[in-house]
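Taking this note's numbering, the leading residue of the sequence shown gets 5, the next gets one more, and so forth. We put the CB at the ideal spot given by N, CA and C, even for glycine. Since the structure comes first, as structure tokens, the remarks are kept for the end.
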Amino acid sequence: MFHQLPTLTRKNILVFFFTLNDLLKDIAGFYALLSKDEQKKAQRFSFEKDSNQYTLARGALRVLLGHYLNVVPQSLTFSYHKYGKPYLEDFPEMQFNVSHSQEMVLLALNYEDLLGVDIEYEERSVDVDGIARRFFNDKEYARLRNLDAINKKRLFFYQWTAKEAFVKAIGRGIAFNLRDIEIASDAEEEIRIVNLHNSNENPADWIFYTLSLIPRYVAVLATKASSKVLGIKHLDRSLVQP
Ligand SMILES: CC(C)(COP(=O)(O)OP(=O)(O)OC[C@H]1O[C@@H](n2cnc3c(N)ncnc32)[C@H](O)[C@@H]1OP(=O)(O)O)[C@@H](O)C(=O)NCCC(=O)NCCS
Numbered sequence: 005m006f007h008q009l010p011t012l013t014r015k016n017i018l019v020f021f022f023t024l025n026d027l028l029k030d031i032a033g034f035y036a037l038l039s040k041d042e043q044k045k046a047q048r049f050s051f052e053k054d055s056n057q058y059t060l061a062r063g064a065l066r067v068l069l070g071h072y073l074n075v076v077p078q079s080l081t082f083s084y085h086k087y088g089k090p091y092l093e094d095f096p097e098m099q100f101n102v103s104h105s106q107e108m109v110l111l112a113l114n115y116e117d118l119l120g121v122d123i124e125y126e127e128r129s130v131d132v133d134g135i136a137r138r139f140f141n142d143k144e145y146a147r148l149r150n151l152d153a154i155n156k157k158r159l160f161f162y163q164w165t166a167k168e169a170f171v172k173a174i175g176r177g178i179a180f181n182l183r184d185i186e187i188a189s190d191a192e193e194e195i196r197i198v199n200l201h202n203s204n205e206n207p208a209d210w211i212f213y214t215l216s217l218i219p220r221y222v223a224v225l226a227t228k229a230s231s232k233v234l235g236i237k238h239l240d241r242s243l244v245q246p
């Protein structure tokens, strides 16, 4: 049924994204794929949009993982690392990560190397200076301060999503002090870590991809330099169904 999905091979990352509308018609079917705990979580959200976002993201993730692991999506059991990163105990080599923002869901899969993704809606109102002062280190903040408002916001989002993608890749999430990661990204395409504190990771081992998905969203993927992004696929009902 999913013969149009690209092949996943070792260290060749596949990225998938969709908007909620792309898969909303099948939401009941995706909900049915979720475990009892996941269904309970889906019911706990205050807003329907958040519940739909969770249901579709987790449901599509199950379908993709089921496809690439050749198992029934419902049979997958997620475990969680200390800071909440989901993983599959039965398939430890399968690496994946999910991010959602507004109408968008972003997923990435890889065999072997860690990866993390983050997507942010650029148009949302955000206190750039306040957040940068708190979560960026002095050099990063100084670089931002010299920019005009438009470029400042743009660079801010790239740096922010890069930091989030990295802390998601290593599974630490916001438990990691974002000031401990110094990101250089003079051009959006060349994000790299120049300094990293309080971590055993070597910055030279890491690589960042800025992902062009749809306008007004900034998305970054962080992974080990030995892996590369092989393809980016816009999912719709012709590609994934529950
Ligand atoms: C992970 C985190 C960075 C997410 O940031 P965000 O911008 O709000 O959300 P995103 O949409 O980008 O990502 C959410 C997804 O990341 C994944 N995720 C959750 N925790 C993660 C972690 N520590 N590392 C990597 N990925 C994580 C999940 O798949 C989640 O999606 P789901 O809830 O649909 O399963 C942030 O929530 C965090 O750090 N949480 C940690 C909280 C914590 O320390 N918990 C400890 C007890 S569990």
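Three-state secondary structure (DSSP) of residue i
i, result
"residue 68", "helix"
"residue 195", "coil"
"residue 79", "helix"
"residue 155", "helix"
"residue 120", "strand"
"residue 165", "helix"
"residue 87", "coil"
"residue 114", "strand"
"residue 23", "strand"
"residue 12", "coil"
"residue 99", "strand"
"residue 60", "helix"
"residue 244", "coil"
"residue 28", "helix"
Residue i: CB within 6 Å of a non-hydrogen atom of ligand 1
i, result
"residue 179", "yes"
"residue 172", "yes"
"residue 90", "yes"
"residue 201", "no"
"residue 131", "no"
"residue 58", "yes"
"residue 104", "yes"
"residue 142", "no"
Residue i versus residue j - alpha carbon distance
i, j, result
"residue 91", "residue 102", "11 Å"
"residue 208", "residue 139", "22 Å"
"residue 30", "residue 65", "14 Å"
"residue 44", "residue 149", "44 Å"
"residue 196", "residue 162", "11 Å"
"residue 17", "residue 97", "13 Å"
"residue 233", "residue 210", "13 Å"
Residue(s) in a DSSP beta bridge with residue i
i, result
"residue 235", "18"
"residue 105", "108"
"residue 213", "225"
"residue 188", "196"
"residue 125", "221"
"residue 92", "82"
Same chain only: Cβ atoms within 6 Å of residue i, ignoring 5 sequence neighbours per side
i, result
"residue 22", "109, 239"
Neighbourhood of residue i by C-beta distance below 8 Å, restricted to the same chain and skipping five residues each side
i, result
"residue 93", "81, 83"
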